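Novice:
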Amino acid sequence: MGGWAIAVHGGAGVDPNLPTDRQEQAKQLLTRVLNLGIAALCSSVSAVDVVELVVRELESDPLFNSGRGSALTENGTVEMEASIMDGVGRRCGAVSGLTTVKNPVSLARLVMDKSPHSYLAFSGAQKFAKEMGVEMVENEYFVTQDNVEMLKIAKEADSIVFDYRIPRAGYETCGTGVQSPIQMNGLPISIYAPE
Amino acid sequence: TVGCVVVDSQGRCAAATSTGGLLNKRAGRIGDSPLIGAGTYACELCAVSCTGEGEAIIRSTLAREVGAVMEYKGLGLQDAVNFVIKERLDEGKAGLIAVSKTGEVAYGFNCVGMFRGCATQNGFMEVGIWD
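Chains as they are written, first to last, in our numbering: chain H, 13 to 207; chain D, 5 to 135.
1. In the DSSP assignment, the alpha helix (DSSP H) including leucine 74 of chain D goes from what residue to what residue?
2. Taking arginine 68 of chain D as the reference, give the member of H:His21, H:Lys39 and H:Arg102 with the closest Cα.
3. Output the distance between the C-alpha atoms of leucine 132 of chain H and threonine 44 of chain D, rounded to the nearest integer angstrom.
4. Go ahead and pull the three-state DSSP assignment for isoleucine 101 of chain D.
5. Give me the Cα-Cα distance between serine 13 of chain D and glycine 14 of chain H, rounded to the nearest whole angstrom.
6. Considering only residues of the region 99-169 of chain H, which uninterrupted alpha helix (DSSP H) runs meet the minimum length of 4 residues and lie entirely inside it, listed in chain order?
7. Can you list the residues of chain D that leucine 122 of chain H reaches, using a CB-CB cut of under 7 Å?
8. Rounding to the nearest angstrom, what Cα-Cα distance links alanine 51 of chain H and glutamate 150 of chain H in this structure?
9. Within the 9 Å Cβ cut-off, does lysine 167 of chain H reach chain D?
10. When you check each C-beta in the region 111-130 of chain D against every C-beta of chain H, which residues fall closer than 8 Å?
11. With which residues is threonine 29 of chain D paired in a DSSP beta bridge?
12. Taking DSSP's pairing of strands, which residues face serine 53 of chain D in a bridge?
13. Kindly indicate which three-state DSSP category threonine 21 of chain D falls into: helix, strand or coil?
14. In chain order, what residues of the region 66-97 of chain D put their CB closer than 7 Å to some CB of chain H?
15. Hey, would you say glycine 117 of chain D sits closer than 9 Å to leucine 30 of chain H, going by beta carbons?
16. Counting contacts by CB-CB distance shorter than 9 Å, is glutamine 138 of chain H in contact with chain D?
17. Taking DSSP's pairing of strands, which residues face alanine 94 of chain H in a bridge?
18. Buried or exposed for tryptophan 134 of chain D, going by 16 or more other Cβ atoms inside 10 Å?
19. For the beta strand (DSSP E) containing phenylalanine 119 of chain D, name the first residue and the last one.
20. Can you list, in chain order, the residues of its chain with a C-beta nearer than 6 Å to that of threonine 111 of chain H? Leave out the 5 residues immediately preceding and following it.
21. Taking Cβ-Cβ distances shorter than 7 Å, what residues in chain H pair up with isoleucine 34 of chain D?
22. How would you write the range of the alpha helix (DSSP H) that phenylalanine 113 of chain D sits in, first residue to last?
23. Once you ignore the five residues that flank glycine 132 of chain D on each side, which residues in its own chain have a CB closer than 7 Å to its CB?
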């Protein structure tokens, strides 16, 4: 057996002009949660418990797009989703459309362990959360000022925001609704920002 | 989006992914993260967590592809990751992290940067953002 191994991520598609201090913040958070996972593995905690533990920590920190600090919908609200899978027996659990569950990954775990299903969404997932007694908070808990600003820019420009894929030339005029040639799912990429 | 993949000292693999989705998304939009086989997958051989353009990850069932090419083409973990990032995403932009039951760790991405960290029992540890 090759021993334990762990990897974490905080999202792909990074603004190439991300300020250095933000880069440092991200690296510190990644290091902190890695060490949390390593300590658990050294205490022989099982793989599925370690991934839940680490993702909970990432959800509770506002830096990345999950849990607190989630990206905002067109309505300025937060709608979260998560999944977990145990390679032993390929058991899995997933949730979508959560608005008040503090740690979505733990509800996904409960779907895997305590329900006959593998995926619950929106009102069904919220109802299951209440039945399971998981920690619930107001939707405002997940909203950060940074993301309110980001959504405002996205709406004003009605186009791409911080998307490095748009040719620099179009970037300055993106406020005039210059449509990027890139499509996603049949829609101009300009209505999305990268995760 | 955030994710974690782990293989423990008994060779058991697991994966978890969590997200708020896309900024300015339509209410009710579901991305790749909760879809087993797309944003998250784990089996006897490996565990995978993806991030990036959800629609591209869904269409390519990206996470399961890593396990599939390991199982059916006999690729090692990093080769499997490189293959699916290169061959399965079409024009989509995404990244993923993965571990194998033999204690390997790997990641790959075809966009500008990915926030990631990885460590193995033999002392290797890396935290990075750019290529």
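Glycine included, C-beta positions come from ideal geometry on N, C-alpha and C. No experiment lies behind these values; they were computed from the predicted model shown.
Specialist: To lay it out plainly:
1. Locating residue 74 of chain D in the second sequence gives position 70, counting from the first residue. Leucine is not the amino acid found at residue 74 of chain D; the sequence shown has methionine there. Here the alpha helix (DSSP H) through methionine 74 of chain D covers 66-77.
2. Here the question's residue 68 of chain D lines up with position 64 in the second sequence. Cα-wise, what sits closest to arginine 68 of chain D is H:Arg102.
3. The residue given as residue 132 of chain H occupies position 120 in the first sequence. The residue given as residue 44 of chain D occupies position 40 in the second sequence. Each residue's Cα considered, the two are about 16 Å apart.
4. Numbered from its first residue, the second sequence carries residue 101 of chain D at position 97. In the structure shown, isoleucine 101 of chain D sits in a strand (DSSP, three-state: E or B).
5. Here residue 13 of chain D refers to the residue found at position 9 of the second sequence. Here residue 14 of chain H refers to the residue found at position 2 of the first sequence. One C-alpha to the other measures close to 8 Å.
6. The qualifying runs are 116-126, 134-144 and 157-169.
7. For the purposes of this step, residue 122 of chain H is taken as the residue at position 110 of the first sequence. Counting only Cβ-Cβ distances below 7 Å, leucine 122 of chain H has no contacts in chain D at all, with the closest Cβ about 13 Å away.
8. Position 39 of the first sequence, counted from the first residue, corresponds to residue 51 of chain H. Position 138 of the first sequence, counted from the first residue, corresponds to residue 150 of chain H. Spanning the alpha carbons of alanine 51 of chain H and glutamate 150 of chain H requires a straight line of approximately 32 Å.
9. Taking the first sequence and counting its residues from 1, the one referred to as residue 167 of chain H is at position 155. Lysine 167 of chain H belongs to the set of residues whose beta carbon lies under 9 Å from a beta carbon in chain D.
10. Listed by position along the chain: Tyr111, Phe113, Cys115, Val116, Gly117, Met118, Phe119, Arg120, Gly121, Cys122, Ala123, Thr124, Gln125, Asn126 and Met129.
11. As a working mapping, residue 29 of chain D is identified with position 25 in the second sequence. According to the sequence provided, residue 29 of chain D is lysine. The question's threonine does not apply to it. Looking at the DSSP assignment, lysine 29 of chain D forms a beta bridge with H:Thr85.
12. Start at 1 with the first residue of the second sequence, and residue 53 of chain D comes out as number 49. According to DSSP, serine 53 of chain D bridges with D:Thr44 and D:Ile101.
13. Here the question's residue 21 of chain D lines up with position 17 in the second sequence. Of the three classes helix, strand and coil, the one that applies to threonine 21 of chain D here is strand, per DSSP.
14. So the list reads Lys97, given in the order they occur along the chain.
15. Here residue 117 of chain D refers to the residue found at position 113 of the second sequence. Here residue 30 of chain H refers to the residue found at position 18 of the first sequence. Yes, the Cβ-Cβ distance between glycine 117 of chain D and leucine 30 of chain H is below 9 Å.
16. Looking up residue 138 of chain H in the first sequence gives position 126. Not closer than 9 Å to any Cβ of chain D, the Cβ of glutamine 138 of chain H fails to qualify, so no.
17. The residue you call residue 94 of chain H lines up with position 82 of the first sequence. DSSP, once it has assigned bridges, lists H:Val107 and D:Ser22 as partnering alanine 94 of chain H.
18. As a first step, residue 134 of chain D must be located in the second sequence, where it is residue number 130. Its Cβ having fewer than 16 others within 10 Å, tryptophan 134 of chain D is exposed.
19. By one-based count along the second sequence, residue 119 of chain D stands at place 115. DSSP places phenylalanine 119 of chain D inside the beta strand (DSSP E), whose first and last residues are 118-124.
20. For this step, residue 111 of chain H is matched to residue 99 along the first sequence. By the criterion of a C-beta distance shorter than 6 Å, threonine 111 of chain H is surrounded in its chain by Asn151, once the five residues flanking it on both sides are discounted.
21. Taking the first residue of the second sequence as 1, we reach residue 34 of chain D at position 30. Result: Glu93 and Ser108.
22. In the second sequence, the residue the question calls residue 113 of chain D occupies position 109. Judged by DSSP secondary structure, phenylalanine 113 of chain D falls outside any alpha helix (DSSP H) and instead within the beta strand (DSSP E) spanning 109-113.
23. As a working mapping, residue 132 of chain D is identified with position 128 in the second sequence. Arg120.
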